[in-house]
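**Q**
In the working numbering, the protein residues as written are 11 to 356.
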């Protein structure tokens, strides 16, 4: 019997083609015009992005990207390309592994086309987002469906929804964090996740009255199983358990707030100020919403929050690196391909 190959599409958020302002502006426009990222009607979204955000934010963002950029390019893309090679080697010749970006290049459409031309019989799509959010995993689903809906013949498609509770995901961050915890004593541990507007979380509540953006996120249930905030808190609980942290010595918070409207709380910036104000001097910071170090981890959490902490009286701020190209991460991806998605722990 002839064996047909399985396609694997790895998808991360994306990165500008260069740290120059025109490329950053192009990236921001594509990213922010996604109706799942800024969920406004098209015309006000177009005006906000093209007349306000992209023109004014692009030069500032370009400066930050230049700090992040390496001789090889964007770290997020470098790690992604290495993951593509690593997973291909781990899975073997029965699989065809391709890396795509939701925004900019290489596009989801171009890589799906390559898988189609390779004659794969099925495709597993793995968005590189541990916790499900409409603006990330949901957007990848939408784009994949848009592309394959134009195909005359459609292979079996399997999409990974999340892996926030996968043992290898937890193990990877625990091992990275322990390297620092074994060297010195920290007064507090921060688990900082990317933020989203509060309205997007409430829109995801199909009951219409369950979500309060508070204690309802304290455990995963049938009602809130797709809630980004609840999944983030569950990731923290699993990390805390494995790290052996005591209650009161850690905080879950959310970064990257944009605009004046309410985003999910507590905010990382305010948390940092509060901790410093209470006399906390040493903080270990995790960013478990990202599997590869990027602008939001290296620059925002690693540099900008360090500066904010020190300005408010803190002495030592240490960022825990992401999974990047680690063995745990590749084994996790391999497991997702071969065994499917792990159901969240109770």
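Glycine is no exception: its CB is placed at the ideal position from the N, C-alpha and C atoms. Values in this document were obtained by computation on a predicted structure and should not be read as measured data.
With C-beta atoms as the reference, is residue 181 less than 7 Å away from residue 338?
**A** Here residue 181 refers to the residue found at position 171 when the chain shown is read from its first residue. Here residue 338 refers to the residue found at position 328 when the chain shown is read from its first residue. Closer than 7 Å, so yes.
**Q** Can you give me the C-alpha to C-alpha distance between residue 89 and residue 302, rounded to a whole angstrom?
**A** Sequence index remark: in the chain shown, residue 89 carries index 79 (1-based). Sequence index remark: in the chain shown, residue 302 carries index 292 (1-based). When rounded, the distance between both Cα atoms is 7 Å.
**Q** Grouping DSSP H, G and I as helix and E and B as strand, with all else coil, what is residue 273?
**A** Your numbering for residue 273 matches position 263 in the chain shown. In this structure, residue 273 counts as strand in the three-state DSSP scheme.
**Q** Check this for me: beta carbons of residue 186 and residue 142, under 7 Å apart or not?
**A** Reading the chain shown from its first residue, position 176 is the one you call residue 186. Reading the chain shown from its first residue, position 132 is the one you call residue 142. Not in contact: residue 186 and residue 142 (Cβ atoms no closer than 7 Å).
**Q** Relative to the alpha-carbon of residue 2, which residue among 173, 313, 282 has its alpha-carbon at the smallest distance?
**A** Outside the modelled stretch of the chain, which goes from 11 to 356, sits residue 2, for which no answer is possible.
**Q** Mind checking residue 37: buried by the 16 CB within 10 Å criterion, or exposed?
**A** Reading the chain shown from its first residue, position 27 is the one you call residue 37. That one is buried.
**Q** Check for me: the beta strand (DSSP E) holding residue 109 runs from which residue to which?
**A** For the purposes of this step, residue 109 is taken as the residue at position 99 of the chain shown. Looking at the DSSP string, the run of the beta strand (DSSP E) that includes residue 109 is 105-113.
**Q** Can you grab the Cα-Cα spacing for the pair residue 163 / residue 126, in whole Å?
**A** If you number the chain shown from 1, residue 163 lands on position 153. If you number the chain shown from 1, residue 126 lands on position 116. Taking the straight line from one Cα to the other gives about 10 Å.
**Q** Contact between the segment 315-331 and the segment 21-38: three or more CB pairs below 8 Å?
**A** No: fewer than three Cβ pairs fall under 8 Å.
**Q** Tell whether a beta-carbon distance below 7 Å holds between residue 292 and residue 196.
**A** For the purposes of this step, residue 292 is taken as residue 282 along the chain shown, with counting starting at 1. For the purposes of this step, residue 196 is taken as residue 186 along the chain shown, with counting starting at 1. Contact flag set, yes.
**Q** Can you tell me whether residue 22 is buried or exposed? The criterion is at least 16 other CB atoms within 10 Å of its CB, across all chains shown.
**A** Here residue 22 refers to the residue found at position 12 when the chain shown is read from its first residue. Flag for residue 22 reads buried.
**Q** Using the three-state DSSP reduction, which class does residue 200 fall into: helix, strand or coil?
**A** As a first step, residue 200 is located in the chain shown; it is residue number 190 there, counting from the start. It is a strand residue.
**Q** Note down, in chain order, each residue of its chain lying with its Cβ closer than 8 Å to the Cβ of residue 161, except the 5 sequence neighbours on either side.
**A** Along the chain shown, read from residue 1 onward, the residue named residue 161 stands at position 151. Closer than 8 Å at Cβ, skipping near neighbours: 126.
**Q** So what's residue 354 in DSSP terms, helix, strand or just coil?
**A** Translated into the one-based positions of the chain shown, residue 354 becomes position 344. Model confidence at residue 354 stands at a pLDDT of 42, short of 50, so the residue's coordinates are unreliable; what they give is reported in the following sentence. Coil, per DSSP.
**Q** With DSSP collapsed to three states, give me the class of residue 69.
**A** By one-based count along the chain shown, residue 69 stands at place 59. In this structure, residue 69 counts as helix in the three-state DSSP scheme.
**Q** Quick one: Cα of residue 41 to Cα of residue 133, how far?
**A** Taking the chain shown and counting its residues from 1, the one referred to as residue 41 is at position 31. Taking the chain shown and counting its residues from 1, the one referred to as residue 133 is at position 123. Going by the C-alpha atoms only, they are around 25 Å apart.
**Q** Among 147, 118, 188, 167, which residue has its Cα nearest to the Cα of residue 294?
**A** Mapped onto the chain shown, residue 294 falls at position 284. Of the listed residues, the one whose Cα sits closest to residue 294 is 188.
**Q** Could you spell out where the alpha helix (DSSP H) holding residue 150 opens and where it closes?
**A** As a first step, residue 150 is located in the chain shown; it is residue number 140 there, counting from the start. 149-158 is the span of the alpha helix (DSSP H), which, as asked, contains residue 150.
**Q** Check whether the segment 237-245 and the segment 203-214 touch, using three or more Cβ-Cβ pairs below 8 Å as the test.
**A** At 8 Å Cβ cutoff, the stretches touch.
**Q** Bridge partners of residue 260, per DSSP?
**A** Residue numbering aside, residue 260 sits at position 250 when the chain shown is read from its first letter. DSSP lists 199 as partners of residue 260.
**Q** Which residue spans inside the segment 267-354 form an unbroken beta strand (DSSP E) run of at least 3?
**A** Runs of the beta strand (DSSP E) inside the segment 267-354: 292-296, 326-329.
**Q** Identify the continuous beta strand (DSSP E) that holds residue 146 and give its terminal residues.
**A** Counted from its first residue, the chain shown places residue 146 at position 136. No beta strand (DSSP E) holds residue 146; DSSP gives it neither H nor E.
**Q** Please state if the CB of residue 46 and the CB of residue 117 are separated by a distance shorter than 7 Å.
**A** Looking up residue 117 in the chain shown gives position 107. Looking up residue 46 in the chain shown gives position 36. No, they are not a contact pair.
**Q** Rounded to whole angstroms, what is the Cα-Cα separation between residue 279 and residue 216?
**A** Locating residue 279 in the chain shown gives position 269, where the first residue counts as 1. Locating residue 216 in the chain shown gives position 206, where the first residue counts as 1. Those two C-alpha atoms are separated by around 31 Å.
**Q** Less than 7 Å between C-beta atoms, sequence neighbours within five positions excluded: which residues of the same chain meet that for residue 341?
**A** Along the chain shown, read from residue 1 onward, the residue named residue 341 stands at position 331. Only 178 meet the Cβ criterion.
**Q** Using CA atoms only, rank isn't needed, just tell me which of 25, 48, 28, 17 is closest to residue 269.
**A** Stepping through the chain shown from its first residue, residue 269 is reached at position 259. Of the listed residues, the one whose Cα sits closest to residue 269 is 48.
**Q** So which of 136, 123, 274 has the shortest CA-CA distance to residue 207?
**A** Residue mapping note: residue 207 aligns to position 197 of the chain shown, counting from 1. For the residues 136, 123, 274, the minimum Cα distance to residue 207 belongs to 274.
**Q** Which of the three DSSP states is assigned to residue 117 in this structure?
**A** Counted from its first residue, the chain shown places residue 117 at position 107. If DSSP states are grouped into helix, strand and coil, residue 117 belongs with the strands.
**Q** Under 7 Å between the Cβ atoms of residue 347 and residue 106?
**A** Looking up residue 347 in the chain shown gives position 337. Looking up residue 106 in the chain shown gives position 96. Going by C-beta atoms, residue 347 is not nearer than 7 Å to residue 106.
**Q** Pick from 91, 30, 98, 44: whose alpha carbon is nearest that of residue 74?
**A** Position 64 of the chain shown holds residue 74. Checked all of 91, 30, 98, 44; the closest Cα to residue 74 is 30.
**Q** With a threshold of 6 Å, establish whether the CB of residue 143 neighbours any heavy atom of the ligand PLP.
**A** In the structure shown, the ligand PLP is absent, as is every other ligand, since no ligand is present at all.
**Q** Alpha carbons only, please: which of 284, 253, 166 is nearest the one belonging to residue 183?
**A** In the chain shown, the residue the question calls residue 183 occupies position 173. Taking only the C-alpha atoms, the option nearest residue 183 is 253.
**Q** Measuring CA to CA, which of 242, 222, 108 is closest to residue 230?
**A** Numbered from 1 along the chain shown, position 220 holds the residue referred to as residue 230. When only C-alpha atoms are compared, the closest one is 242.
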